[in-house]
Structures are given as structure tokens and as C-alpha cells.
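Order-wise, the sequence lines are chains A, B and C. For the first sequence, this note's numbering begins at 917 and goes up steadily by one. For the second sequence, this note's numbering begins at 322 and goes up steadily by one. For the third sequence, this note's numbering begins at 34 and goes up steadily by one. Accompanying notes for the structure given below.
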Amino acid sequence: MVRFLTRRVLVGVATIIAISIIVFGLFFAVPSSPAKVMCGKNCDPASIAAVETKLGLREPITTQYTEFMKGIFVGRTYSKGTPFEQHCEAPCFGFSFRNNESVSAIVARTLPVTMSIVVGAAVLWLLFGVSLGMISALRRGTVFDKLAIGVSLAGASMQVFFFGLILLFAFVYFTGWLPFPSYTPLTENPAKWASGLILPWVTLGFLNSAIYARLSRAQMLETLSEDYVRTARAKGLPLRRVYTKHALRAAITPIVTIAGLDIGASLGGTFITETIFGLRGLGKETVEAVQFLNLPIVVATVLLAAVFIVVANLIVDVLYAVIDPRVRLS
Amino acid sequence: MTETLVQEPGTEPVKPSRPSGEPLLVVEDLTKHFPVRSGMFGTTGLVRAVDGVSFSVKPGETLGLVGESGCGKTTTGRMLVRLLEPTSGKITFEGKDITHSKGGGLRQLRQDMQIIFQDPYASLNPRHTVGRIVAMPLQVNGINPPGGVKKRVQELLELVGLNPEHYNRYPHEFSGGQRQRIGVARALALRPKIIVADEPVSALDVSIQAQVINLLRELQRELDLAFVFIAHDLAVVRHFCQRIAVMYLGKMVEVGDREQIYERPAHPYTRALLSAVPDVTKLGASGRIRLEGDVPTPLNPPSGCRFRTRCWKAQEKCATEEPPLTVKPNGALAACHFPEEGTIK
Amino acid sequence: MTAPASAPKSPATSDSGPYLQVNDLRVQFPTEDGVVKAVDGVSFSVERGQTLGIVGESGSGKSVTSLTVMGLHNSKRARISGQILVGGRNVVGMSEEQTRRLRGRDMSMIFQDPLSALHPYFKVGAQIAEAYKVHHPNASKSEAKKRAVDMLGRVGIPQPARRADSYPHEFSGGMRQRAMIAMALVNDPDLLIADEPTTALDVTVQAQILDLLEDLQREFNSAIIMITHDLGVVAQVADDVLVMYGGRAVEFGSVEQVMRRPQHPYTWGLLASVPSLHGDADADLVPIKGNPPSLINLPSGCAFNPRCRYAGRNGDRSFTEVPELHQVLERGHLVACHLSEADSKKFYAEDIAPSAGVAQ
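So, in C-alpha cells, the structure goes:
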């Protein structure tokens, strides 16, 4: 198990390094001149040269990469020895081209918003979606099952912006039961944190529930037809125990995988949800950065998203090995 | 119905037929080791799936390759048709070394040597019509028989006992036995000289199994086909093969003709295998040889004779010295230090 | 219709009668294409200490019969009628909870593929202990574990205490089937149903497992139903044989009667089509022509008539009238065929007995 874990971690680290190289290459090496972009429209060659020097763009690309990585882990200082010297604390991703705010600070401000949305929604969709799917598999063919299939089909074919807007109208503008969504840090005021995020949770949670319900139902049905479930019944186990102990554990494994990856990917930003509810999360920030070619922010968020996915993958692998003893072999 | 195929000469250049004494296929010291990774840094072990196997097949001869799972019979078959690359050893077909043949040489070889698989359904593309499936080998090899591909395919379907009208049907419209017939028709399309059949009847119901065995026997006689017939069912092999090679843990333990193997086997493993087969002609369990335990792992096979860990005759010599394949009193080749003698009941 | 059970093979030897008695069992599954008549009026019985072999090809209804005896069919999807008496209690119509209490305790089952029949996520010992504990709620965890280790030892697994902590994928095929048997026998059931228990195994391992079952039967005095397509296995282990075709019983009798003096053309067909280790190896096998029937649309009259060489010997009865299982000259030997006994004997002697695969 330890060996298995070590290997997985090493593979994960290698993946992140590979991604960092690719991302760095794409964003710093490929565009003709990031300095030009940063400098703005009416920029004379001298200022461009100055910016290039400041960003270290005149150095060989390998040096740039090591500086970049150094910045992330120990911090770096731009324009050393000049009047424009600017120190950047680790983890340093540089400064926003637009307002010179530290990228780390931007991420620190927006990431908790996205995290709050995703984690809350994930709890909803896992609890609600998976149990709905399981129950409807166990009651296959009943009215409950048919209703669940119908609702989940509707949910799965609905779009976030549409469903979100309906909820906004219904609960905020029309009835006024809920305040317009806003983000209050959990540590500041948990009640306000929750009430401000209910709508995004329900929106994202409901739509994903639909997908997870369908997935869980299919998985459970498949598991129920497995030989070992028949064996469990042939032993004389009560149905409840057959379902909860023997079938559920096997049916849930693939769901764990997909949920892990979904959550990992969502942490990289839930742009549409954030936009509809006017929340400044990582997704919204990234899209804006892309629009304005605000490269440092784009690089930071892409890397972060990659890290989330790799970490989610790692967690999924470990969970998988805990659930399924056969996996520990390889 | 077979006449159509046999009497129709000259569609392809006639290959010079070899003198009957000369073997069609010769396998020498064939070995296949699969590396397995284990441990954090991928330290490798070797699964010795096939470990130095030699045999030969004459034109028109049927050789049975028998043994239990993990003995290497399927791996051997796959190496013969070049679906697997041998680790070492040599395969000669009609005097030509085909051990590592590729490209054009391999295509030529595929015309002469075909394979039939165990699972008739998995080996047929469900989206192709039967006509297309059977015609595939002709098309791939750019062969245009007189009368056209369609006529030839319909002849082949008739030859294997299928209705030629079913040319346009899909595999799922056929039963298991009929699907295996489609597989046979496809294998015959290029008029091979030898067919490697890997458990061709073991997925079929008993009554259907007999139909397919009879068909293969008939084709073998009519077309003078050589067969390497891989099977775990000793009774089926007895009805189909003139010579039988018994394998255990990647090694050949005994090779002989039908009578030698089934009446007076020399190797204790052959005896045990035969006595374990539940036979319809015997009621009750009488006088069976009980082999203890399981087949050891090919990752770390026993020293000396590989069968010694389950053999009732094993002595010290068996652990230290690997028995060579030598002619035993029954006339067969067997690899045993203490061969059995006499006829089995 | 005469139930085979009503013709006791050895009267007066047991005071309680057969442990399992199945009377006119019918199992149907409504599907979109029509009603599948998987089992259509089958009757048989098994006594303690005896082995009944049920033979048939795929779709003959042999596996459905056994799953029905175990009460493993969903009552919502299967229509079941008739009687299944297990130790005198009728399982048909029993509630799920009542049959559950019988399952694993009074009757248990082993399956064809032990790898898929054991749960991949749980240790072998734990799975056996669970089977014990569910019927012994007062047993402690350690008692159940000890019992599981005992059983593993009894089915011939070396170092049972250590192996109990292994997972199924760490066992070889033969060991897994032994573990399945240990699990099935952990509560000393009176009836053991083995559904193709050795089909997935190698011959030498098959021999071990069949020996083991025989030894354990002697020890536990349980009734065994051995479901198989392999006539060789039946010849070796069965006391009585039931031959099924298209959901119906076509022949029933002692192993002697059915294997040595078979009277139904389907049984002949099976015997003649099986390759044997004895007899003339060069003689062609005599296959049964055609394919097994669809259970939705059985041929009218005798379901075997399209494949039968002798259909139509008695006018058109073969095509219009379903033959009932009736006793022939020998006691306990039942055959469902329109052929007269004299004809049957004649055809058997002339056409069938000379070919390979028939017991001499």
C-alpha cells in the first residue's frame, strides 16, 4: 500500500512538472511579445524593451522557466537593482498586467469563492443524486423509478444559466425569499456564507444530481446482476444487507472516480455559475484574464486547475485502492 | 459440396507440393517469456509461458496440443500464426524461417496458415455481413477468384454447411454453432495448408459441438488440411487428432500418436490427465489418479521436472535434473525420469 | 402426469421421504417478445445422501429450476406455479423473509464461476463467516471466523487460518471453488445445489472438486443436485438423472437406466454426440441436427420433434401432442416420448448403442 501510494505521488508530481513546462512554454514562449501586450497600445520600443528586461524576457527560455519555478517556491524579485525593484513573495506568479496586483493575492481572494460553491454543490449532488439513482435502481420499474428517470433526464438536459436564472427570478426577484447571492467568508459569518450561496449550490447541485442519479442507477443495476450479489442472496442475507454491504460498495467505486475528477475540474473554475450569480470566483477571474490577455493570471489559474485535477486523481486512486483490494496489486 | 472447392484449380498459382515425408511446420525450442512488473521501480519477473517447445506437423496431419490452463498451449498457437512474437526459438514453414516474418512475408504466410478462435462471436465483426466477413481475407490479399468474390464466398458458406443465401445476414442472426462455421469459412477462404484452431468447440453446446467437430474432420480429410488443434478436452482431441502433444507449465511432457497417448501413456501427467476426465462410458468414480494441489506459477516454476511437485513418482533426481524428451517404451517421446509402462484400463 | 417422486427408488429406507420434492413446477418470464416458458411442468425429487444430476443444454431450463428452488427469482418478474417442498415446506408462495431463512441454512448453492461468485472486495474468510453469522445471530464474530477457518480446512485449503485473510483474486480457480463449497456448507445444509460447479475448472482440478463433493456428501449426508451439461460428470457422480429439454423433463431414472438404457431420442442424441476416451476414435460423432428451440415459441407437440430422427413414427402425434412423462417397463424410469417401448428398444439397439460414447 505504501509502495502503491509512493508511486502514485511520484507520478502526480511528474505530471504537474510536465504541465508547468507546457503551460510556461505556451504562454511565455509562443506569443510574439508579452511585453507589448502588457505595455499597452501606444507604447514605444524603449518601454517595451524596459518591460522585457523587467520580466526577464531577454533571458534564455530555460533561465526564464527556472526563475518562474523559483518564484513559485521561494519568491523572486523583479528588476533587481533598479528603481522599479519589486519583490514577489512565494508563491509568486507575477503581477496582474492590469492593476499590478499580485496574482497570488488574486487567487487567494477568488479561490475560496469557487471552493465554497463547488464543495457545497458537490455535497448536494453526491447525497441527492447518488441516493436517488441507487433507490431507483432498487425499485426498478416502479413509479418512483420512472419519475426519477424523467426528472434526471430533464435535469441533465438543462443548462446552468437557464436553471440558475429561473431560480433567481423565483426566489430573489419575485418572492424575495433569498438575498441576491453574494460571498461572505465562512470564517466571518457561517450563516451569511450559506444563505449567500444557496442558489449556486442548488443550481449546480441539481444539474449534477441528475447526471449522478443516472450514473448511479446504471451502476447499481449492473452490480445487482453480478454473480456475487446472487451469492450474497443465496447465503440467506437479508436484502437490505445485500444491497448496502455487497452491492453498494461495488457500485460506488466508479462513481467515486468520476466525482473526484468532476470536483477537481470544477475547482479550476465554474465560470457560468459565478457569472450568473455575480460571484467573483476563480472561473470569472480567469475568463476575464483571458479576454485581456492578462497572462500571469491565466498561467496561475491553468496551473492551479492542473494541480487540482492531479490531486483529485491521486485521491481517487487511493480511495479506489482502499475500496477494491485488487487495485493494490498493480 | 466439397467438390466445388477441391476441383477448381488454377485460381492461384499452384504451390509446389512437398514430398509427404517432409514436415510442413517445424517448431524448434520455441520460447515465450512475458515480463511482469512488480515493485515500486518496476523490477521485472518473467512468466515462462512457453519454455522451449519443439514439434513438427506434416502436410495433412492433425496435431493436438493439450494441457490445462497456463500450460502455454494458447500462447504457442498465437506464436505459430505470428500474433505473438517469440522470445526465442525457431518456426519453419515449408522450409522457410517464419519466426520473425513481417509485412509481405507475413501476408504470404497468412494465406497458408489460418486461425480459428474459441469465441465465435467475439471474433466476428458484428457490423459486417457474413459475406463481407468471409470475403475479407480475399480482399486483403487482393485475390479475385474466377466467378467473383461473391460466388467464392457462397461456395465457402455451402462448404461449411451454411445456406449461401445468408450471405447478407449479420453474425447476431446466427446461433453459436453457425457462427463457428462462419469462422471456419473465413479461415478456408485462402485455401490454407494448415489451420491453427484454438479451442474451436469449447464454447458450444454438446450437440452443436459434435456438428462442428464432424465438419472439421470432413474438411480436414477432403482438403487434406493440416491442423494444430488446441484444446483442453482430451476426448474431443482424441476424435480429431492423429498425434497429440501434452503440455505442462510451458513444457512439452509427451508427444505421440493417438494410441500411444491414449492407451499406453508414458508420462505420469498424461495418465493423471486422462484418468481425471469424467467419461460417459464409466459410471461412478473408480480408480482415478488424484493429483494434489494446483499447477505451480509459471513465474517461478519448480526446478528439474516441472511436474514433480504433484507427481506420485517424484524422487530426488526429478528436482535436480530436468528430464529430456526421449523415446519411451510406448514409442512416444516423453520427458520423464521414471516413465509409466503398460496399458491403462 | 406421474411425478418421478411418486415412484420411490428405495422405499422404506428413509422415514421422512425425499428432502426435496418438486411437483409440476412452471416458471415463466413475461418479456416484450412474449412469455418465456423457462420451466414447463417439471417434477422430481432428491433424498438425503443422494445426488440428482440434471442434464441439458443451454436454454433447457436446468439453471432456472435450481434458482427457483432457492427462491432467487424476483417474484415480480417471474410467474412461478407448482410445488417445491424443501423438507416438507412449500417454497412457492413463501415470503422473501421465509425463503431467506432457508437459504444458506437448509439449502445452499454453488455456482459455475467462483471468481465472479465471490465478492472481490471482501476477504474469503469474512465472506464465509458472514454466511454462518446470518443464520447464527448469537454467534460471536470470533466464533464465526473460527468456523470459517474450520470449513476452509475441511475443503482442503492448506493453512486455512492464513488463507482466510486472502481475497478471492489471490486464490487459484480450484481454491476459489473450494472456498465457495466451504461457504455453501458452513451451516450444514440438507440440500446443496451445484450449478456447473466444475465447468470453469481444469480436468485435474475438476476431479479434485468432484471427489471433495462426494466426500463431503458422505460426511454431511446432504442431498445434492448437480446441474451440468457434461454427461461424463453425471455418469461419475449422480445416483439419479433428469434430462431436460426446452423447459421440460424428457427422461428420468437411475444413472444406470438413463446412461445405459436410455429411451428418449434426445438422451440418445446427447450420448452419441459426446466424444469419448473409449471406442472407435475414427468413427464420426452423431450430432443432433439443428439448434435448441426458442422458449418463447416451442415447436408444437413434442418440443424435440424438429431435431428428432424418429418423429412421426406414430402418425402425427409428435407434432400435435405433447408427450407426458410416463413410466416404462423398469420401475422409476420415466420417459416423455411417443415411441412405443418396443420401438424404442429396437432403435436404440440398432442405431445408437454401436456408436461411441454410449456406455457398454
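Beta carbons are placed, not taken as given, at the ideal position from N, Cα and C, and that holds for glycine. Remember, it's a predicted structure, so these values are computed and weren't measured experimentally.
Chain F partners of residue i, CB-CB under 7 Å?
i, result
"L594 (chain B)", "Among the protein chains in the structure shown, which are A, B and C, there is no chain F."
I need the DSSP call for residue i, collapsed to helix, strand or coil.
i, result
"N56 (chain C)", "strand"
"L331 (chain C)", "coil"
"K638 (chain B)", "helix"
"K417 (chain B)", "strand"
"I275 (chain B)", "Beyond the ends of chain B as shown, which are 322 and 666, falls residue 275 (chain B); an answer cannot be given."
"R81 (chain C)", "coil"
"N1105 (chain A)", "coil"
"I321 (chain C)", "coil"
"D1143 (chain A)", "helix"
State buried or exposed for residue i, treating a residue as buried only when at least 16 other CB atoms are found within 10 Å of its CB.
i, result
"N1041 (chain A)", "Residue identity check: residue 1041 (chain A) is Trp in the sequence provided, not Asn. With 16 or more other Cβ atoms within 10 Å, it is buried."
"A1216 (chain A)", "buried"
"K1073 (chain A)", "It should be pointed out that residue 1073 (chain A) corresponds to Ser in this sequence rather than to Lys. By the neighbour-count rule (16 or more Cβ atoms within 10 Å), S1073 (chain A) is not buried but exposed."
"L646 (chain B)", "buried"
"D248 (chain C)", "exposed"
"A1163 (chain A)", "buried"
"T1091 (chain A)", "exposed"
"S624 (chain B)", "exposed"
"Q460 (chain B)", "exposed"
"T1026 (chain A)", "buried"
"A443 (chain B)", "exposed"
"F414 (chain B)", "buried"
By Cβ distance, which residues of its chain are closer than 7 Å to residue i, with the 5 residues on each side in sequence left out?
i, result
"H202 (chain C)", "P153"
"R1056 (chain A)", "L1137"
"Q1135 (chain A)", "A1167, P1170, I1171"
"L477 (chain B)", "V455, A506, L509, A510"
Hey, does residue i have any beta-carbon neighbour from chain C nearer than 7 Å?
i, result
"H560 (chain B)", "yes"
"H1003 (chain A)", "no"
"L511 (chain B)", "no"
"K1151 (chain A)", "yes"
"G577 (chain B)", "no"
"Y1144 (chain A)", "yes"
"D1240 (chain A)", "yes"
Measuring alpha carbon to alpha carbon, tell me which residue in the options is nearest residue i.
i, options, result
"V598 (chain B)", "B:G388, B:G398, B:S375", "B:G388"
"C392 (chain B)", "B:G504, B:P617, B:D600, B:G577", "B:P617"
"I582 (chain B)", "B:Q499, B:P660, B:L525", "B:P660"
"D519 (chain B)", "B:G652, B:I437, B:R512", "B:I437"
"Q61 (chain C)", "C:F77, C:L100, C:S309, C:L53", "C:L100"
"G452 (chain B)", "B:I665, B:E643, B:R473, B:L570", "B:R473"
"T979 (chain A)", "A:E1017, A:I937, A:A1006", "A:I937"
"D317 (chain C)", "B:G608, B:L540, B:F628", "B:L540"
"L331 (chain C)", "C:P222, C:G323, C:G279, C:L310", "C:G279"
"R500 (chain B)", "B:T602, B:V481, B:L430", "B:V481"
"A1256 (chain A)", "A:G1197, A:V1227, A:W1093, A:L1120", "Summary: the structure shown does not reach residue 1256 (chain A), with chain A confined to residues 917 through 1246, and so no result is reported for it."
"R59 (chain C)", "C:E65, C:P51, C:Y52, C:V75", "C:V75"
"T1100 (chain A)", "A:S1052, A:S1032, A:S1068, A:G1066", "A:S1032"
"A376 (chain B)", "B:R631, B:F548, B:E580, B:S496", "According to the sequence shown, residue 376 (chain B) is Phe rather than Ala. The shortest C-alpha separation from F376 (chain B) is found at B:F548."
Can you find a C-beta in chain A that's less than 7 Å from the C-beta of residue i?
i, result
"M103 (chain C)", "yes"
"G137 (chain C)", "yes"
"S99 (chain C)", "no"
"L53 (chain C)", "no"
Within its chain, find whatever has a CB closer than 8 Å to the CB of residue i; leave out the 5 residues flanking it on each side and keep chain order.
i, result
"F1208 (chain A)", "F1013, R1014"
"E374 (chain C)", "Q296, V361, L362"
Closer than 7 Å, CB to CB, is residue i near chain B or not?
i, result
"A375 (chain C)", "no"
"Q269 (chain C)", "yes"
"K262 (chain C)", "Residue identity differs from the one stated: residue 262 (chain C) is His in this sequence, not Lys. Output row for H262 (chain C): interface = yes."
"N330 (chain C)", "no"
"D317 (chain C)", "yes"
"I258 (chain C)", "no"
Note down, in chain order, each residue of its chain lying with its Cβ closer than 6 Å to the Cβ of residue i, except the 5 sequence neighbours on either side.
i, result
"A1205 (chain A)", "I1213, V1214"
"R138 (chain C)", "H168, N220"
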